[in-house]
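Beneath this line is the structure, given in structure tokens, with notes to follow.
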Amino acid sequence: MPNLILNDETIALSEQEPATFKKFAEMAFPQCVSMLKLPRERRFIAMLPAAYVVQARREETEWSDPLLQAAMWNLHDLGVEQLSFGAEAAAETPAAERPDGNADDFIRFDKAEATDMAHGRASAINFSTVSSGRGYIAALNNVIHRVFQLNGENLEVGIQARPELEKTAKLIAAARQNEEGLLFATSRTLGAMLRQGRGPEDIEIRTAIELLSNMGCSGVAVDMAAGRMVFTGFSLMNALASAFLQGLTWDQMKNVRTNVELLQKQLEKEEGIPVQPAPLSPIGSRRRRR
Numbered sequence: 011m012p013n014l015i016l017n018d019e020t021i022a023l024s025e026q027e028p029a030t031f032k033k034f035a036e037m038a039f040p041q042c043v044s045m046l047k048l049p050r051e052r053r054f055i056a057m058l059p060a061a062y063v064v065q066a067r068r069e070e071t072e073w074s075d076p077l078l079q080a081a082m083w084n085l086h087d088l089g090v091e092q093l094s095f096g097a098e099a100a101a102e103t104p105a106a107e108r109p110d111g112n113a114d115d116f117i118r119f120d121k122a123e124a125t126d127m128a129h130g131r132a133s134a135i136n137f138s139t140v141s142s143g144r145g146y147i148a149a150l151n152n153v154i155h156r157v158f159q160l161n162g163e164n165l166e167v168g169i170q171a172r173p174e175l176e177k178t179a180k181l182i183a184a185a186r187q188n189e190e191g192l193l194f195a196t197s198r199t200l201g202a203m204l205r206q207g208r209g210p211e212d213i214e215i216r217t218a219i220e221l222l223s224n225m226g227c228s229g230v231a232v233d234m235a236a237g238r239m240v241f242t243g244f245s246l247m248n249a250l251a252s253a254f255l256q257g258l259t260w261d262q263m264k265n266v267r268t269n270v271e272l273l274q275k276q277l278e279k280e281e282g283i284p285v286q287p288a289p290l291s292p293i294g295s296r297r298r299r300r
């Protein structure tokens, strides 16, 4: 089993149940919302398990505690080998390298080498990491870095409130045509909203983009005059991370992988995959901005 060096103490990691990693991810997810407010270059997913380690030790939690072990596994899987924290570590650090704030909350990564999980690569979501539960931290890392390209403009996908996502999902379900795929129905709905003159600040636009991102779509282009819309990009990592967080099994996720890879191959042959033109009639009502 691997070890971590924390405040110069070598701590052994022990196997944990997948449910423990899932519980830790559920606890950490709300903090991802807060992390999205930071500049992209300051969103280090390792700070979530590191902060948990600091708080747990402050409360004198035993190193063998399952959730504390899950946090340390997360650090290990992100490539962290050695970590120092607390007031003593802060005092040993040059002032120019210390952030403002409570010295007791200070965290310093002494030795780390970024892994596929830290880099946000799709290879981080595989049979082993899904079945063990250790892939949850890779999925959360994806959540705080997703970007969607709308007519060439990069937009942060973000995390919308569940009630808003559910409302937009119902809107899409109502607009779905016969056996139309959900990806295409969602794209048509987004196209119809854009034809109404709504912009990226509109909450229904934001939720439609998040739902598309969850399905692996990473970009669309809309020609308003011609009423034409095409897919311009797909992200395998977006699709796999979302599927894992939604509770899909590995066999189901293999189907997700196959579908996204087929779309990616199609895009390599064409400049864009057409979406059926969005209907001229409005879908949904104008919603508040936020």
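Here the sequence shown is numbered in our numbering, starting from 11 and rising by one per residue. We treat Cβ as the ideally placed atom computed from N, Cα and C, and that holds for glycine.
May I have the straight-line CA-CA distance separating residue i from residue j, to the nearest angstrom?
i	j	result
Pro210	Trp73	45 angstroms
Ala202	Lys177	16 angstroms
Trp83	Val153	19 angstroms
Asp212	Arg52	26 angstroms
Leu246	Glu98	43 angstroms
Gln159	Thr71	44 angstroms
Gln187	Arg118	54 angstroms
Thr30	Gly96	26 angstroms
Ala183	Glu174	14 angstroms
Gly145	Thr125	12 angstroms
Ser24	Gly226	34 angstroms
Gln274	Ala132	14 angstroms
Gly111	His129	28 angstroms
Val90	Arg68	20 angstroms
Leu193	Thr199	10 angstroms
Ala195	Val240	13 angstroms
Gly237	Arg208	15 angstroms
Asn164	Arg216	13 angstroms
His86	Ser197	39 angstroms
Val64	Cys42	18 angstroms
Val230	Gln79	41 angstroms
Thr242	Ser223	12 angstroms
Glu271	Leu255	20 angstroms
Lys33	Ser94	25 angstroms
Gln206	Ile169	24 angstroms
Quick check on the burial criterion: 16 or more other C-beta atoms within 10 angstroms. Buried or exposed for residue i?
i	result
Met234	exposed
Phe137	exposed
Glu220	buried
Pro40	exposed
Asp18	exposed
Arg156	buried
Gln26	buried
Met263	buried
Gly257	exposed
Thr20	exposed
Gly143	buried
Ala218	buried
Pro59	buried
Ala81	buried
Ser44	exposed
Ser141	exposed
Thr259	exposed
Met11	exposed
Glu278	exposed
Glu189	exposed
Glu214	buried
Leu48	exposed
Thr139	buried
Asn161	exposed
Ala249	buried
For the alpha helix (DSSP H) containing residue i, list its first residue and its last residue.
i	result
Arg205	192-205
Ile147	146-153
Phe137	137-142
Met263	260-279
Gln170	From DSSP, Gln170 is part of no alpha helix (DSSP H); its letter is neither H nor E.
Ala80	76-87
Ala97	97-101
Met127	126-129
What first and last residue would you give for the beta strand (DSSP E) that runs through residue i?
i	result
Asp110	Segment: none, Asp110 is in no beta strand (DSSP E) and carries neither H nor E.
Val43	From DSSP, Val43 is part of no beta strand (DSSP E) but of the alpha helix (DSSP H) over 28-45.
Pro284	283-285
Met239	238-244
Return helix, strand or coil for residue i, following the three-state DSSP convention.
i	result
Gln256	coil
Val63	helix
Ser228	strand
Glu19	strand
Asn164	strand
Ser181	Correcting the residue type first, residue 181 is Leu in the shown sequence and not Ser. Residue state, collapsed to three classes: helix.
Glu220	helix
Arg118	strand
Asn188	coil
Glu176	helix
Ser133	helix
Leu58	helix
Leu48	coil
Glu91	strand
Sufficient close CB pairs (3 or more, under 8 angstroms) joining the region 44-63 to the region 99-111: no
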